[in-house]
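Peer 1: Residue numbers (the working numbering): 346 to 575. Structure in structure tokens, see below.
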């Protein structure tokens, strides 16, 4: 584990943040980025050293991470990064599809010209990430930014809160397929932006529904292929 943490970008915790929350957030980002991989043993002392904190907030964060489904605590063995089942992924991505479909419909009804202009800028950032060789972290960041901005245009606080509750795990599940799915995903984004620009709520919702379902199907197919090869 020490090697993986050393190779990762620094995630040392900023002291002004509430320490328990900061450690929790830092560990999630290490899991999402793949610096800590599914099934990996988590050693409190090494995590504390990497984050620049004592072991106590790490221990507290690991307990909370277990409750939230990021970590498994095994008696007499310790903590391990959770390995999501396909059922877990399918359930979460299914909920995400419903929420983001509604978000796209609302965004199409609310979008102003400047919103559409910003969506195209976010789209360009994704295209540039693909052209640069498909850096996974950059692709995931660009994808998250575009989807988040559509949610902000939707202007529904309850919807935004629900999407925020699943967004981190969506990033986790999306990261392994961000590069191979990239070209198709960003082509679909372009179609979505055009529908939003026209104010066509029905079309925007349908494109988003298919877009999110394809992401789920692609992840399932990749996982099935990996299982067959193992």
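Here a beta-carbon is modelled for each residue, glycine too, at the ideal position from N, C-alpha and C.
1) May I ask you to list the residues that DSSP assigns as paired with residue 425?
2) Quick check on the burial criterion: 16 or more other C-beta atoms within 10 angstroms. Buried or exposed for residue 488?
3) Roughly how many angstroms lie between the CA atoms of residue 516 and residue 549, to the nearest whole one?
4) Report the residue from 524, 396 and 536 whose alpha carbon sits nearest the alpha carbon of residue 552.
5) In whole angstroms, give me the CA-to-CA distance for residue 418 and residue 381.
6) Using a Cβ-Cβ cutoff of less than 8 angstroms, which residues in the same chain neighbour residue 504 once the five nearest sequence positions on both sides are dropped?
7) On the three-state DSSP scale, how would you describe residue 577?
8) So, helix, strand or coil for residue 501, using DSSP?
9) Do residue 531 and residue 471 count as a contact pair if the criterion is CB distance below 8 angstroms?
10) Could you check what DSSP says for residue 398 in three-state terms: helix, strand or coil?
11) What does a CB cutoff of less than 7 angstroms around residue 365 pick up in its chain, not counting 5 residues either side in sequence?
12) Identify whether residue 370 lies in helix, strand or coil by the three-state DSSP scheme.
13) Is the distance from the Cβ of residue 410 to the Cβ of residue 375 below 8 angstroms?
14) Kindly indicate which residue of 453, 555 and 383 has the alpha-carbon position closest to the one of residue 533.
15) Is it the case that the Cβ atoms of residue 427 and residue 414 are separated by a distance below 8 angstroms?
16) Between residue 604 and residue 513, what straight-line distance do the alpha-carbon atoms span, to the nearest angstrom?
17) Which term fits residue 583, buried or exposed, when burial requires 16 or more other beta carbons within 10 angstroms of its beta carbon?
18) I'd like to know whether the C-beta atoms of residue 435 and residue 540 end up nearer to each other than 8 angstroms.
19) By Cβ distance, which residues of its chain are closer than 8 angstroms to residue 437, with the 5 residues on each side in sequence left out?
20) For the candidate residues 474, 463 and 482, whose alpha-carbon lies nearest to that of residue 498?
21) Considering only C-alpha positions, which residue in the set 557, 482, 461 and 562 is nearest to residue 441?
22) Can you list, in chain order, the residues of its chain whose CB lies under 7 angstroms from that of residue 379, leaving out five sequence neighbours each side?
23) Counting along the chain, where does the alpha helix (DSSP H) carrying residue 476 start and finish?
Peer 2: Well, looking at it:
1) Along the chain shown, read from residue 1 onward, the residue named residue 425 stands at position 80. Residue 425 has 386 and 417 as its beta-bridge partners, per DSSP.
2) Translated into positions along the chain shown, residue 488 becomes position 143. Of the residues assessed, residue 488 falls on the buried side of the cut-off, its CB having 16 or more other CB atoms within 10 angstroms.
3) What you label residue 516 is simply residue 171 of the chain shown in a count that begins at 1. What you label residue 549 is simply residue 204 of the chain shown in a count that begins at 1. Each residue's Cα considered, the two are about 22 angstroms apart.
4) As a first step, residue 552 must be located in the chain shown, where it is residue number 207. Considering only alpha carbons, the answer is 536.
5) The residue labelled residue 418 in the question sits at position 73 within the chain shown. The residue labelled residue 381 in the question sits at position 36 within the chain shown. Pairing residue 418 with residue 381, the inter-Cα distance amounts to about 15 angstroms.
6) Counting from 1 along the chain shown, the entry for residue 504 is found at position 159. Beyond the five residues adjoining it in sequence on each side, residue 504 comes within less than 8 angstroms, by CB distance, of 444, 447, 448, 451 and 496 in the same chain, given in chain order.
7) No statement about residue 577 is possible, as the shown extent of the chain runs from 346 to 575 and does not include it.
8) Mapped onto the chain shown, residue 501 falls at position 156. In the structure shown, residue 501 adopts coil according to DSSP, grouped into three states.
9) Your numbering for residue 471 matches position 126 in the chain shown. Your numbering for residue 531 matches position 186 in the chain shown. Yes.
10) Looking up residue 398 in the chain shown gives position 53. Three-state result, residue 398: coil.
11) For the purposes of this step, residue 365 is taken as the residue at position 20 of the chain shown. Closer than 7 angstroms at the Cβ level, and outside the excluded window around residue 365, lie 402, 405 and 406.
12) Stepping through the chain shown from its first residue, residue 370 is reached at position 25. Of the three classes helix, strand and coil, the one that applies to residue 370 here is helix, per DSSP.
13) Working through the chain shown from its first residue, we reach residue 410 at position 65. Working through the chain shown from its first residue, we reach residue 375 at position 30. It is not a contact, given that the beta carbons lie outside the stated cut-off.
14) Position 188 of the chain shown holds residue 533. Nearest option by C-alpha distance: 555.
15) Here residue 427 corresponds to residue number 82 of the chain shown, with the count starting at 1. Here residue 414 corresponds to residue number 69 of the chain shown, with the count starting at 1. At the C-beta level, residue 427 and residue 414 come within 8 angstroms of one another.
16) Outside the displayed range of the chain (346 to 575) lies residue 604, so it cannot be described from this structure.
17) There is no way to answer for residue 583, as the model of the chain reaches only from 346 to 575.
18) Along the chain shown, one-based indexing puts residue 435 at 90. Along the chain shown, one-based indexing puts residue 540 at 195. No, they are not a contact pair.
19) Here residue 437 corresponds to residue number 92 of the chain shown, with the count starting at 1. Contacts found: 511, 514, 515 and 518.
20) For the purposes of this step, residue 498 is identified with residue 153 of the chain shown, where counting begins at 1. Residue 498 has its Cα closest to that of 463, out of 474, 463 and 482.
21) For the purposes of this step, residue 441 is taken as residue 96 along the chain shown, with counting starting at 1. The option with the nearest alpha carbon to residue 441 is 557.
22) For the purposes of this step, residue 379 is identified with residue 34 of the chain shown, where counting begins at 1. Close CB contacts of residue 379 within its chain, under the 7 angstroms cut and outside five residues either way in sequence, are with 520 (chain order).
23) The residue labelled residue 476 in the question sits at position 131 within the chain shown. Run containing residue 476: 458-476, per the alpha helix (DSSP H) assignment.
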